[in-house]
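Enquirer: Residue numbers (my numbering): 2 to 531. Where is the CB? At the ideal position from N, CA and C, for every residue including glycine.
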Amino acid sequence: MRFLKIFSVFLIIFSSLISAQPELDIKPNRIEFEDLFNRYDYAFLINKGDEILTIDSIKYNDSLYILEFENNLQLPFSIVPDDSIRMNVTLSGFYYVTLTDTSDSIMVFNNGISSPEPLEIRIRFFEDEYGEFNGTIRDSITLVDSATVYFFYNGIYLLDTAKTDASGFYRITLPEGEYTIGAEKEGYYSVFHDSTYDPFFAKLVELDSGVVRTIDFNLKRIDNPNLSVSGQIIDSVSGVNVNKGIIIVRNGTHVPIGLEKGNEMLADMNVYAGFIKPDGTYSVNIQAPAYHYLQAYTNYFLPGYYNDEGMASIFWQNADSILINGNILNKNILLMRDSSYGGGSIAGSINFTSFSDQTDYEGITILAKNINNGALYSYNFGKDIGDYKVSNIPYGTYELVAQKIGLDNAVSQTVIIDPVNNQISGININFNISDVENDINLPSDIIFYQNYPNPFNPATNIDFYLPQTSLVKLHVFNVLGELVETIVNGELSSGLHSVKFNGSALASGVYLVTLEVNGLGLSKKILLLK
């Protein structure tokens with residue numbers, strides 16, 4: 002009898018241990034995406050057990066979906082018994098969906114009774130029309146191998162990349178649609194179709210089903226490897242690095258440089274761009290020291306500027322431009338999530354009250370703002386001919402907000418996206434030119450930059466900034482104090498100036514460059530190595 006009592010107690014304890022387990026239940030256990038306007042849904046992860054449930058990891062196709070958890074929880078996380086966590090699922094990569102993707106599962110790994118637990122996905126639309134891009138990449142002399150070509154769907158979503166082979170040739174098959182295409186190779190400036198360094202002005206290329214489009218690129222070698230800016234692109238909410246996209250380095254108004262009207266390439270080289278690496282880092286080289294604004298954009302985030310406070314800055318008014326006069330490090334940009342999950346679009350033209358030169362359209366970002374909740378739902382960029390198109394907008398009432406550095410924001414009329422009218426055109430956005438801020442944060446002091454390259458052989462560039470029109474003398478002396486050359490001797494206007502010094506007739510060694518402005522003297526040491 003005593004043995005039976007002990008055995009009964011053992012069974013009770015053993016049964017309790019078995020029943021005291023976490024158990025994951027997903028409600029609903031199936032999500033359906035019906036069309037472009039219905040690409041957002043959610044499910045609850047519920048702990049039906051008696052112990053703490055740990056969600057270890059989730060296996061899913063990250064090219065198709067974005068998963069987010071309430072309260073910005075990051076994996077792994079725990080759920081106490083009888084509690085739940087909401088998991089939001091957005092079908093972000095709608096342009097990737099093929100017939101085989103229309104039946105899918107998101108697998109949730111956990112420490113419960115059943116792991117992994119599936120969340121079934123059904124997609125009621127798919128893309129089965131494809132075309133081909135191909136082409137060659139060269140510099141001024143030779144074909145370039147191992148260059149990377151980037152393809153941005155609708156101009157903003159990085160869909161895929163291709164590499165050139167030993168003969169500088171690339172080929173890729175992609176879904177039909179409109180693409181912005183860019184190319185890069187280490188040691189060269191990044192360039193976009195067609196022949197522009199500004200991704201905003203890149204010509205959109207239409208790819209139709211069964212069509213082969215040939216897009217070639219010519220790369221320009223970097224002039225000065227000692228003039229660059231680098232950093233990381235970071236999700237402002239999770240703190241995780243963003244692993245794709247474009248970084249733009251645009252000449253800021255701290256040091257405005259007058260451009261010759263109609264000189265498109267000269268204007269274009271006030272803009273430099275690079276591609277965000279898979280680890281979230283970037284590095285962009287420029288040609289001459291100056292103040293620049295940094296702007297980044299990528300899939301499923303709103304474009305953002307760098308600022309000194311380390312905050313997400315969608316609008317240029319909250320940005321800080323930086324002086325790039327060497328290899329500038331750790332300039333990180335934080336980005337805010339994009340709320341876009343619709344299929345509507347708004348298109349039109351950009352106008353100015355008093356001027357219409359092509360360069361006026363440089364650097365214009367257009368955002369779709371929902372006037373009911375104030376959220377920004379999508380974006381795109383103005384083109385060099387003054388037109389724009391913002392896509393992937395959900396149903397709702399919007400106004401378009403356009404921004405350009407130095408101008409107040411321009412706002413369009415109200416536009417409604419609904420099931421009947423969801424592809425809207427002819428919406429004009431007008432900037433008031435009287436809003437130009439010509440004197441934004443202009444430096445009040447003389448700036449004398451270090452020459453580049455340094456050491457040099459035989460020539461080097463010497464740059465300096467003048468806050469006002471001044472009498473200027475620029476001399477080069479040897480270490481004995483003997484005058485070698487007078488480069489400048491006269492009156493110069495305010496702004497950034499760049500002169501070239503050629504030391505081909507001199508011996509190797511250290512030289513002293515002196516800048517005298519209205520009697521004030523500054524100096525720099527330079528090194529000639531032959």
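Assuming contact is defined by CB atoms lying nearer than 8 Å, are Leu1 and Phe126 in contact in what I supplied?
Expert: The question about residue 1 has no answer here: the residues shown for the chain are numbered 2 through 531.
Enquirer: Inspect the CB distances between the stretch 112 to 119 and the stretch 86 to 99 and report whether three or more fall short of 8 Å.
Expert: Not touching, per the Cβ criterion.
Enquirer: Counting along the chain, where does the beta strand (DSSP E) carrying Pro176 start and finish?
Expert: Counting from one through the sequence shown, the residue named residue 176 turns up at place 175. Unbroken beta strand (DSSP E) run through Pro176: Phe170 to Pro176.
Enquirer: For Thr215, which residues of its own chain have a beta-carbon under 7 Å away from its beta-carbon, when the five flanking residues on both sides are left out?
Expert: Residue 215 sits at position 214 when you count from the first residue of the sequence shown. Only Asn135 and Gly136 meet the Cβ criterion.
Enquirer: Would you kindly check if the distance between the Cβ of Asn30 and the Cβ of Glu121 is under 8 Å?
Expert: Position 120 of the sequence shown, counting from 1, holds the residue named residue 121. Position 29 of the sequence shown, counting from 1, holds the residue named residue 30. Taking 8 Å as the Cβ cut-off, Glu121 and Asn30 qualify as a contacting pair.
Enquirer: Which term fits Met312, buried or exposed, when burial requires 16 or more other beta carbons within 10 angstroms of its beta carbon?
Expert: For this step, residue 312 is matched to residue 311 along the sequence shown. Exposed is the call here.
Enquirer: Between the beta-carbon of Leu144 and the beta-carbon of Leu160, is there less than 8 Å?
Expert: Numbered from its first residue, the sequence shown carries residue 144 at position 143. Numbered from its first residue, the sequence shown carries residue 160 at position 159. Result no, Cβ atoms of Leu144 and Leu160 do not sit closer than 8 Å.
Enquirer: In three-state terms, what does DSSP make of Ser36?
Expert: The count along the sequence shown starts at 1 and reaches residue 36 at position 35. A small fix is needed here, since residue 36 is Asp in this sequence, not Ser. In this structure, Asp36 counts as coil in the three-state DSSP scheme.
Enquirer: Would you say Tyr97 lies against chain D (beta-carbon separation less than 8 Å)?
Expert: The chain labelled as chain D is not found in the depicted structure, where only one protein chain is given.
Enquirer: Excluding the 5 residues preceding and the 5 following Leu74 in the sequence, name in chain order all residues of the same chain whose CB lies nearer than 7 Å to its CB.
Expert: Here residue 74 refers to the residue found at position 73 when the sequence shown is read from its first residue. Contacts found: Ile86.
Enquirer: The beta strand (DSSP E) that contains Leu528, what's its start and end?
Expert: Position 527 of the sequence shown, counting from 1, holds the residue named residue 528. Segment Leu521 to Leu529, the beta strand (DSSP E) holding Leu528.
Enquirer: What did DSSP end up calling Glu71 once you bin it into helix, strand or coil?
Expert: As a first step, residue 71 must be located in the sequence shown, where it is residue number 70. In the structure shown, Glu71 sits in a helix (DSSP, three-state: H, G or I).
Enquirer: Less than 8 Å between the beta carbons of Ile1 and Phe34, yes or no?
Expert: No information on residue 1 is available, as it lies outside the stretch 2 to 531 that the chain covers here.
Enquirer: In angstroms with no decimal places, state the Cα-to-Cα distance between Ile1 and Tyr453.
Expert: Missing from the structure shown is residue 1; the chain here goes from 2 to 531 and no further.
Enquirer: What separation, rounded to the nearest whole angstrom, lies between the Cα atoms of Glu69 and Leu335?
Expert: For the purposes of this step, residue 69 is taken as the residue at position 68 of the sequence shown. For the purposes of this step, residue 335 is taken as the residue at position 334 of the sequence shown. Computed Cα separation, rounded: 18 Å.
Enquirer: Buried or exposed: which applies to Gly1, given that a residue is buried once 16 or more other Cβ atoms fall within 10 Å of its Cβ?
Expert: Here the chain covers residues 2 to 531 and nothing more, so residue 1 does not appear.
Enquirer: Leaving out five residues on either side along the sequence, give the residues of the same chain with a beta carbon under 7 Å from the beta carbon of Gly43.
Expert: Residue mapping note: residue 43 aligns to position 42 of the sequence shown, counting from 1. In the sequence as displayed, the identity of residue 43 is Tyr instead of Gly. These residues qualify, in order along the chain: Arg87, Met88, Asn89 and Val90.
Enquirer: Is DSSP giving Pro119 helix, strand or coil here?
Expert: To locate residue 119, count along the sequence shown from 1; it is residue 118. Strand, per DSSP.
Enquirer: Quick one: residues in its chain with C-beta nearer than 7 Å to the C-beta of Lys526, no 5 flanking neighbours on either side, listed in chain order?
Expert: In the sequence shown, the residue the question calls residue 526 occupies position 525. For Lys526, where only same-chain residues beyond five positions count, the Cβ hits under 7 Å are Val511 and Leu513.
Enquirer: Can you find the residues in the same chain that come closer than 7 Å, C-beta to C-beta, to Asp195, ignoring five residues on each side of it along the sequence?
Expert: Here residue 195 is taken as the residue at index 194 of the sequence shown, counted from 1. Excluding positions up to five away in sequence, the list reads Lys204.
Enquirer: Spell out the partners DSSP gives Glu1 in its beta bridges.
Expert: Here the chain covers residues 2 to 531 and nothing more, so residue 1 does not appear.
Enquirer: I think Gly253 touches Tyr292, with their Cβ atoms under 8 Å apart; what is that distance to the nearest whole Å?
Expert: Position 252 of the sequence shown, counting from 1, holds the residue named residue 253. Position 291 of the sequence shown, counting from 1, holds the residue named residue 292. Correct: roughly 4 Å between the Cβ atoms.
Enquirer: Do you know how far the Cα of Asn393 is from the Cα of Leu92?
Expert: For the purposes of this step, residue 92 is taken as the residue at position 91 of the sequence shown. For the purposes of this step, residue 393 is taken as the residue at position 392 of the sequence shown. Using only the alpha carbons, I get a separation of about 12 Å.
Enquirer: Write down the C-beta distance between His476 and Thr487 rounded to the nearest angstrom, noting that I regard them as a contact closer than 8 Å.
Expert: Working through the sequence shown from its first residue, we reach residue 476 at position 475. Working through the sequence shown from its first residue, we reach residue 487 at position 486. The pair is a contact, with the Cβ atoms about 5 Å apart (cut-off 8 Å).
Enquirer: Under 7 Å Cβ to Cβ from Ile417, same chain only, skipping five residues before and after it: list those, please.
Expert: Here residue 417 is taken as the residue at index 416 of the sequence shown, counted from 1. Once the five neighbours on either side are set aside, the close Cβ partners of Ile417 are Thr398.
Enquirer: Using the three-state DSSP reduction, which class does Asn319 fall into: helix, strand or coil?
Expert: Stepping through the sequence shown from its first residue, residue 319 is reached at position 318. It is helical.
Enquirer: Could you tell me the boundaries of the beta strand (DSSP E) in which Met312 lies?
Expert: For the purposes of this step, residue 312 is taken as residue 311 along the sequence shown, with counting starting at 1. Run containing Met312: none; DSSP gives neither H nor E here.
Enquirer: Note the first and the last residue of the continuous beta strand (DSSP E) segment covering Ala460.
Expert: Position 459 of the sequence shown, counting from 1, holds the residue named residue 460. Note, Ala460: beta strand (DSSP E), Ala460 to Leu467.
Enquirer: Express the C-alpha separation of Gly504 and Leu528 in angstroms, rounding to a whole number.
Expert: Counted from its first residue, the sequence shown places residue 528 at position 527. Counted from its first residue, the sequence shown places residue 504 at position 503. Rounded to the nearest angstrom, the two C-alpha atoms are 10 Å apart.
Enquirer: Per DSSP, what kind of secondary structure is Thr99 in: helix, strand or coil?
Expert: For this step, residue 99 is matched to residue 98 along the sequence shown. Three-state DSSP puts Thr99 in coil, outside helix and strand.
Enquirer: Using a 10 Å radius around the Cβ and a threshold of 16 neighbouring Cβ atoms, would you call Thr366 buried or exposed?
Expert: Here the question's residue 366 lines up with position 365 in the sequence shown. Counting Cβ neighbours within 10 Å, Thr366 comes out buried, since at least 16 surround it.
Enquirer: Could you tell me which uninterrupted beta strand (DSSP E) segments, each at least 3 residues in length, are contained entirely in the stretch 199 to 226, listed from first to last along the chain?
Expert: The qualifying runs are 206 to 208 and 213 to 215.
Enquirer: Applying the 10 Å Cβ sphere with the 16-neighbour rule, what's the burial state of Thr415?
Expert: Here residue 415 corresponds to residue number 414 of the sequence shown, with the count starting at 1. Per the 10 Å Cβ criterion, exposed.
Enquirer: How about Gly281 and Asn244: are their beta carbons less than 8 Å apart?
Expert: By 1-based counting over the sequence shown, the position of residue 281 is 280. By 1-based counting over the sequence shown, the position of residue 244 is 243. Yes, the Cβ-Cβ distance between Gly281 and Asn244 is below 8 Å.
Enquirer: Report the residue from Asn242, Glu310 and Ala508 whose alpha carbon sits nearest the alpha carbon of Ile277.
Expert: The count along the sequence shown starts at 1 and reaches residue 277 at position 276. For the residues Asn242, Glu310 and Ala508, the minimum Cα distance to Ile277 belongs to Asn242.
Enquirer: Can you name, in chain order, every residue of its own chain whose Cβ lies under 6 Å from the Cβ of Phe465, other than the five neighbours on each side?
Expert: Sequence index remark: in the sequence shown, residue 465 carries index 464 (1-based). Same-chain partners within the cutoff: Phe449, His498 and Leu516.
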